[in-house]
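The numbering used here puts the sequence shown at residues 79 to 581. The beta carbon of each residue, even a glycine, is placed where N, CA and C say it ideally should be. Computed from a predicted model, the values in this text were never measured in an experiment.
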Amino acid sequence: MNAAGFPLLSLLTFLPLVGAGILLFIRGEEAVVASNARWTALWTSLIVFGLSLILWFSFDKTTADYQFVEQMTWMPEFGLGYHLGVDGISVLFVLLSTLLTPICILASWESVQTRVREYMIAFLVLETMMIGMFASLDMLMFYIFFEGVLVPMFLIIGVWGGARRVYAAYKLFLYTLLGSLLMLLAILTLWYMAGTTSIPELMKLQIPRNMQIWMFLAFFASFAVKVPMWPVHTWLPDAHVEAPTAGSVILAGVLLKMGGYGFLRFSVPLLPEATEWFAPLIFALSVIAVIYTSLVAMAQEDMKKLIAYSSVAHMGIVTLGIFVMNHQGLSGAIFQMLSHGIVSGALFLCVGVVYDRVHSREINRYGGVAKVMPVYAVLFMGFTMASVALPGTAGFPGEFLVLVGAWQVNPWVAFFAGFSMILGACYMLWLYRRVLFGRITKDEIKHLLDLSPREWLTFAPLVVLTLWMGLYPSSFTSFFDASVTALLARHEAALALPRLAGM
79 MNAAGFPLLS
89 LLTFLPLVGA
99 GILLFIRGEE
109 AVVASNARWT
119 ALWTSLIVFG
129 LSLILWFSFD
139 KTTADYQFVE
149 QMTWMPEFGL
159 GYHLGVDGIS
169 VLFVLLSTLL
179 TPICILASWE
189 SVQTRVREYM
199 IAFLVLETMM
209 IGMFASLDML
219 MFYIFFEGVL
229 VPMFLIIGVW
239 GGARRVYAAY
249 KLFLYTLLGS
259 LLMLLAILTL
269 WYMAGTTSIP
279 ELMKLQIPRN
289 MQIWMFLAFF
299 ASFAVKVPMW
309 PVHTWLPDAH
319 VEAPTAGSVI
329 LAGVLLKMGG
339 YGFLRFSVPL
349 LPEATEWFAP
359 LIFALSVIAV
369 IYTSLVAMAQ
379 EDMKKLIAYS
389 SVAHMGIVTL
399 GIFVMNHQGL
409 SGAIFQMLSH
419 GIVSGALFLC
429 VGVVYDRVHS
439 REINRYGGVA
449 KVMPVYAVLF
459 MGFTMASVAL
469 PGTAGFPGEF
479 LVLVGAWQVN
489 PWVAFFAGFS
499 MILGACYMLW
509 LYRRVLFGRI
519 TKDEIKHLLD
529 LSPREWLTFA
539 PLVVLTLWMG
549 LYPSSFTSFF
559 DASVTALLAR
569 HEAALALPRL
579 AGM
């Protein structure tokens, strides 16, 4: 239980499952069932978001300790238990998950017309898995939620996706599952060494250098695929292209952050010597991801595929920031993950708006949309500017901090990573010009309607956050500042021990 004796994190984690259970008992005509399913899922997700706001306002930003801790022994003889808690890093990702879920449900209100109840159940189960993963303080629980995310996402893509949905769903499942099996072996090794799977207890473990290297590779196999890092990124464009709009939003907004969060939670604090040893490799892979996938994005004709490749480039900035191992880099990486979750989710929603009207994501199919949808054009421009890291938008503080942190470690790495802003501006402005400007040559474009009230409601919180994070970033960095400071202090202390022993 937390300090007040109220299991807030458990309620946050499992309330979506209660909503999913209620949906199973809805009966009636298909249209009635669909309507009730939408409203039940929406109200459930809104209540969960309201509870996460309580978590947000009650959180003590001055400490790096875990808060709202709930712990219960399950199998004490094996060191296994139920353990939840959040620190300044994980609390923000819980909030991101609870925010994007009702937005995704609203975005699917009209676009999903078949098996609506099952679709809403999948999203509520997915929300439980996401919150549970970020709130877990037991490594076995973390693994269960980490892998549990795959099941509802597999169904969302495989059932409600595009023409090649089955191929994309299986590719997502196999890529991410195979990497995670190595992580399971690492978790079992840690349990064998420490006799517990409690994350706070495992952080006290002193692991030999050779063992750290093998464990780092095992965790890397899982987290690198989830980020995704180059060259194990190829599942992402297919998944984004075939997923329904809301599936792409949650995939880019939250699921890509699971890999970065895993590096922060396990690889860096638990394996400090291996982290230092592998950092140059991570720098190289991150820079390649930034430049290569940006160039690939410039060659795309599908809007969703272009944004998918841009996500790989942005996440390359994240992995670079994590492994430079200074305060600016780590803070920038965390901020970049949060801002990318907002901005990339909004961009996929922008694609979904025109796709729902024209039923095509080919860039060449559009032209002159700004003439008939001026409000949409302004919103799309705002999120485009945020994606290219325009100062005053959410995309700027994170990238700037990462580049400052990288410059302190290796100016050449920072120089090449800085191409992300230049290349990002190239492909995003190219996309915007092709879709929004030019002569209207097709009748289907001439009769498009601007944003509906429901779409306004969907975009409103994302617009506010994009500006808020860009103009007042300290309101977010203050949450994880203490946690980042503690993480760096622990890392330096862990590295000092073998150095002292070698003297």
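Span of the beta strand (DSSP E), counted from its first residue to its last, around residue i
i	result
G159	158–164
F146	145–153
Distance, residue j Cα to residue i Cα
i	j	result
D434	L526	10 Å
L389	L342	It is worth fixing the name first, because residue 389 is Ser in this sequence and not Leu. If you take the alpha carbons of S389 and L342, they lie about 19 Å apart.
G483	V402	7 Å
A296	R517	53 Å
I360	T397	7 Å
A321	V332	15 Å
F294	S345	6 Å
I235	S214	26 Å
V194	A112	5 Å
G430	T323	5 Å
T471	G157	46 Å
M499	Y270	45 Å
R443	P278	53 Å
L252	D521	42 Å
A579	P358	For A579, the predicted structure reports a pLDDT of 49, less than 50, and the residue's modelled location is therefore unreliable. A value from the coordinates is still provided. The straight-line gap from Cα to Cα measures roughly 24 Å.
W546	P347	31 Å
M376	P154	55 Å
F146	R242	43 Å
I209	V190	24 Å
T275	L87	19 Å
Y510	L263	46 Å
L501	G407	21 Å
Own chain residues within Cβ distance below 7 Å of residue i, not counting five before or after
i	result
I291	A352, W355
A572	P350
T254	L228, V303, K304
M581	Per-residue confidence for M581 stands at a pLDDT of 45, beneath the threshold of 50, marking its modelled position as unreliable; the derived number appears in the next sentence. Closer than 7 Å at the Cβ level, and outside the excluded window around M581, lies no residue.
I25	Residue 25 is absent from the structure shown; the chain starts at 79 and stops at 581.
M79	In this predicted model, M79 has a pLDDT of only 43, less than 50, meaning its place in the structure is not dependable; the value taken from the coordinates is given anyway. P85, E148.
A200	P230, L233, I234
V368	A391, G394, I395, A495, F497, S498
G97	T118, A119, T122, L202
N-terminal and C-terminal residue of the alpha helix (DSSP H) that residue i is part of
i	result
M219	217–226
T206	194–213
I584	Residue 584 lies beyond the range of the chain shown here (79 to 581); nothing can be said about it.
E107	Segment: none, E107 is in no alpha helix (DSSP H) and carries neither H nor E.
R511	497–514
S175	168–185
I45	The structure shown does not extend to residue 45, since the chain spans only 79 to 581, so no value can be given for it.
F582	This structure cannot speak to residue 582, because the chain is shown only from 79 to 581.
E188	Run containing E188: none; DSSP gives neither H nor E here.
Sequence-distant residues of its chain with Cβ nearer than 6 Å to residue i (five each side left out)
i	result
L268	L280
W134	L173
C428	F458
Q378	L384
L514	V447, A448, A455
F224	M211
Nonlocal neighbours in the same chain, by C-beta distance under 8 Å from residue i, ignoring five residues either side
i	result
S556	K139
D380	V319, R439, E440, I441
E188	D434, R532
D528	V450, M451, P452, V453, Y454
Local conformation of residue i per DSSP, three classes
i	result
A571	helix
D380	strand
L363	helix
E351	helix
D138	coil
K449	helix
P309	coil
T519	coil
G340	helix
F528	Just to set this straight, residue 528 is Asp in the shown sequence, not Phe. Of the three classes helix, strand and coil, the one that applies to D528 here is coil, per DSSP.
L566	helix
L334	coil
S561	helix
Interface flag, residue i vs chain B, CB-CB below 7 Å
i	result
L120	Annotation note: the requested chain B is absent from the structure, which comprises a single protein chain.
Residue i Cβ short of 6 Å to the ligand NAD heavy atom set
i	result
R287	As far as ligands go, the structure on display features none, and thus does not contain the ligand NAD.
Any alpha helix (DSSP H) of 4 or more consecutive residues that is wholly inside the segment 382–445: 405–436
Kindly provide the ranges of any alpha helix (DSSP H) runs that are 4 or more residues long and lie completely inside the segment 455–489, ordered along the chain. 473–487
Suppose only complete runs of 4+ residues qualify. What are the alpha helix (DSSP H) ranges in the segment 222–307, listed by chain order? 228–238, 243–272, 277–280, 287–304
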